[in-house]
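Here the structure comes first, spelled out in structure tokens, and everything after it is commentary.
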Amino acid sequence: MEKKTDHLEVRFLGAVGTVTGSKFLLTHRGNQILLDCGLFQGLKDLRLRNWGPLPLDISRLRAVVLTHAHISAPRQVEMEQRDSEER
Numbered sequence: 008m009e010k011k012t013d014h015l016e017v018r019f020l021g022a023v024g025t026v027t028g029s030k031f032l033l034t035h036r037g038n039q040i041l042l043d044c045g046l047f048q049g050l051k052d053l054r055l056r057n058w059g060p061l062p063l064d065i066s067r068l069r070a071v072v073l074t075h076a077h078i079s080a081p082r083q084v085e086m087e088q089r090d091s092e093e094r
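In this note's numbering, the protein residues as written are 8 to 94.
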């Protein structure tokens with residue numbers, strides 16, 4: 008069971024050590040919001056990260072907030088949702 012606290016937890020899921028792949032998981036009192044879900048771009052090692060599963064359970068998300076209108080921002084959520092529906 009997840010512990011519910013009053014503080015906001017920010018988990019960096021991308022754009023750490025690189026400028027692409029921006030995504031942040033915000034958790035407050037058990038509610039989760041994904042802020043962006045960018046694709047990794049650049050060298051092949053970075054691009055391969057786009058094909059792995061997201062490090063979160065998308066069924067627990069209350070919302071996805073996109074901060075800009077590039078295709079890279081929502082693309083990985085779309086791919087993850089499609090894959091989970093096929094399972």
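Beta carbons: idealized from backbone N, C-alpha and C, even for Gly.
What you are looking at is a predicted structure, and each value in this text was computed from that prediction instead of being measured.
Asked, Found
"Quick check: Val23 and Cys44, are their CB atoms within less than 8 angstroms of each other?", "no"
"Starting from Arg67, trace the alpha helix (DSSP H) both ways and give me its first and last residue.", "Looking at the DSSP string, Arg67 is not in any alpha helix (DSSP H), and its letter there is neither H nor E."
"Here's the rule: buried if 16 or more other CB atoms are within 10 angstroms of the residue's CB, otherwise exposed. What is Lys51?", "exposed"
"Spatial neighbours of Glu27 within its chain, please: CB distance less than 8 angstroms, with the 5 preceding and 5 following residues excluded, ordered by chain position.", "The question names Glu, but residue 27 in the sequence shown is Thr. Counting only Cβ-Cβ distances below 8 angstroms, and skipping sequence neighbours, we find Gly21, Gly45, Leu46, Phe47, Gln48, Gly49, Leu53, Ser79."
"Which residues bound the alpha helix (DSSP H) around Leu55?", "51-55"
"Taking just the CA atoms, how far does Leu32 sit from Glu16?", "8 angstroms"
"For Leu41, is the classification buried or exposed, using 16 other Cβ atoms within 10 angstroms of its Cβ as the cut-off for buried?", "buried"
"Since His14 is in the beta strand (DSSP E), which residue starts that stretch and which ends it?", "Counting along the chain, His14 falls outside any beta strand (DSSP E), and DSSP gives it neither H nor E."
"Any idea which residues DSSP pairs Thr34 with across the strands?", "Glu16, Gln39"
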